[in-house]
Amino acid sequence: MTLSLTHTRNEKTAPHSHRTPGFASLELKWEAVTLFRYIYDPDMPQSESPKPFFHPVNTLAGDLITNYRPHDHVWHKGIQMTIAHLDGQNFWGGGSYRHGEGYVDLPNNGSQRHDGWDSIEVDDNRFAATEKLSWITQSGKHWIDETRNIAVETIDPDAGYWALDFTTSLRNVRGKSLHIGSPTTAGRPLAGYGGLFWRGPRSFDNGEVITAAGHEGADAMGQAAPWLAYTGRHDGSGNASTLAFLDHPANLRYPNKWFIRQTPYACASFAFMFDEVYEFEAGATITQRYRLVIANGGWDAAQVEAAAEVWRG
Numbered sequence: 001m002t003l004s005l006t007h008t009r010n011e012k013t014a015p016h017s018h019r020t021p022g023f024a025s026l027e028l029k030w031e032a033v034t035l036f037r038y039i040y041d042p043d044m045p046q047s048e049s050p051k052p053f054f055h056p057v058n059t060l061a062g063d064l065i066t067n068y069r070p071h072d073h074v075w076h077k078g079i080q081m082t083i084a085h086l087d088g089q090n091f092w093g094g095g096s097y098r099h100g101e102g103y104v105d106l107p108n109n110g111s112q113r114h115d116g117w118d119s120i121e122v123d124d125n126r127f128a129a130t131e132k133l134s135w136i137t138q139s140g141k142h143w144i145d146e147t148r149n150i151a152v153e154t155i156d157p158d159a160g161y162w163a164l165d166f167t168t169s170l171r172n173v174r175g176k177s178l179h180i181g182s183p184t185t186a187g188r189p190l191a192g193y194g195g196l197f198w199r200g201p202r203s204f205d206n207g208e209v210i211t212a213a214g215h216e217g218a219d220a221m222g223q224a225a226p227w228l229a230y231t232g233r234h235d236g237s238g239n240a241s242t243l244a245f246l247d248h249p250a251n252l253r254y255p256n257k258w259f260i261r262q263t264p265y266a267c268a269s270f271a272f273m274f275d276e277v278y279e280f281e282a283g284a285t286i287t288q289r290y291r292l293v294i295a296n297g298g299w300d301a302a303q304v305e306a307a308a309e310v311w312r313g
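Using UniProt numbering, the first residue of the sequence shown is number 1, and each one after it goes up by one.
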């Protein structure tokens, strides 16, 4: 097993060029397969709430499990950290939900600014990086400092999976409390999206969903469970792949409530703010630790639980 890293510091050639997800990035490969490309300094319209994202993300078999800038929601980009409702500001992208009005385009699309790397380490079987970011409102106010840790420490070609570890520490530097909510806390039922978010490829529409608590399919929406798994199939190869989203017992509001859709498109997020506003006090820090297991084939609950037990120790 051999990992290799390519660090592209800048390839910005034109403003808001959407044809390919380029710009400053880290690309991690296992043998000849790109596990992920992490675009940490993207150039995109303010209306899309500029932020780092992972795309492409692939299985060990080389099957793509993310979508980039789909026409229905151009701010959906692979895997990304989001908050849709943050004290009236939108760090998700697109319009903001207003009860009685629907989605309204407002001058409130914030940005997650990459401030630098504290460390980037890679060897044959491990990758780890620590990033510093600032969350800035559209009007230029600095509300949150973030330390983001990204790691790949588990690659099991025999079992056909690898794991992406994502830890975020958010510190409120606004000087007063921030209220973290969602469209559901603003009045739209079953739309409690936010947190670490995944948008799947078109071929994953109408895939299979299971949770640790026994929920299946659409019944998993808004339900609390230590993990959720989504299995879809790929056009062309016909292969199946499974993404297992693992919450950690040390996280806020564990077990997490899930935002999940199978139709009209495949997506999921760790939504601790699904239907209850969280008061993020001034000077406080929230640390959330997640693992995404990216597996060849369709996994059952026993396989996901075994991978979760290994991670939780």
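Don't be surprised by glycine CBs; every beta carbon is placed ideally from N, CA and C.
It should be emphasised that the depicted structure is a prediction, and the values quoted were computed from it without experimental measurement.
Out of T287, A159 and G207, which has the shortest C-alpha to C-alpha gap to G195?
Within the sequence shown, numbered from 1, the residue matching residue 195 stands at position 195. Selection T287, A159 and G207 evaluated against G195 yields T287 as nearest (Cα-Cα).
In whole angstroms, what separates the C-alpha of H142 from that of A302?
Position 142 of the sequence shown, counting from 1, holds the residue named residue 142. Position 302 of the sequence shown, counting from 1, holds the residue named residue 302. H142 and A302: Cα-Cα distance of roughly 44 Å.
Mind checking which residues open and close the beta strand (DSSP E) that includes A24?
As a position in the sequence shown, residue 24 is number 24, starting the count at 1. Here the beta strand (DSSP E) through A24 covers A24 to W30.
According to DSSP, L252 sits in a beta bridge with which residue or residues?
Looking up residue 252 in the sequence shown gives position 252. DSSP, once it has assigned bridges, lists no residue as partnering L252.
Close beta carbons around L170, own chain, < 7 Å, minus the five adjacent residues each side
Sequence index remark: in the sequence shown, residue 170 carries index 170 (1-based). The answer, listed in chain order, is I144, E146, T285 and I286.
Could you check if H215 belongs to the surroundings of the ligand GDP, using beta carbon to heavy atom distance under 7 Å?
Among the components of this structure there are no ligands whatsoever, and the ligand GDP is therefore not found.
For G110, which option in E305, D247 and L133 has the closest C-alpha, if you only look at C-alpha atoms?
Within the sequence shown, numbered from 1, the residue matching residue 110 stands at position 110. Comparing Cα positions, the closest option is L133.
On the DSSP bridge assignment, give the partners of S47 in chain order.
For the purposes of this step, residue 47 is identified with residue 47 of the sequence shown, where counting begins at 1. Its beta-bridge partners do not exist; DSSP assigns none.
Residues in its own chain within less than 6 Å of H248 by CB, not counting five upstream and five downstream?
Here residue 248 refers to the residue found at position 248 of the sequence shown. If we look at H248 and ignore the five residues flanking it on each side, its Cβ neighbours are R289.
Go ahead and pull the three-state DSSP assignment for D105.
The residue given as residue 105 occupies position 105 in the sequence shown. Here D105 sits in coil by DSSP.
Simplified DSSP assignment, three categories, for S111:
Position 111 of the sequence shown, counted from the first residue, corresponds to residue 111. Look at S111 here: in three-state DSSP terms it is strand.
Less than 8 Å between CB atoms is the rule here; does I120 satisfy it with respect to chain B?
No chain B is part of this structure, which consists of one protein chain only.
Specify the secondary structure class of S237 as computed by DSSP and reduced to three states.
Translated into positions along the sequence shown, residue 237 becomes position 237. The answer is coil: DSSP assigns S237 none of H, G, I, E or B.
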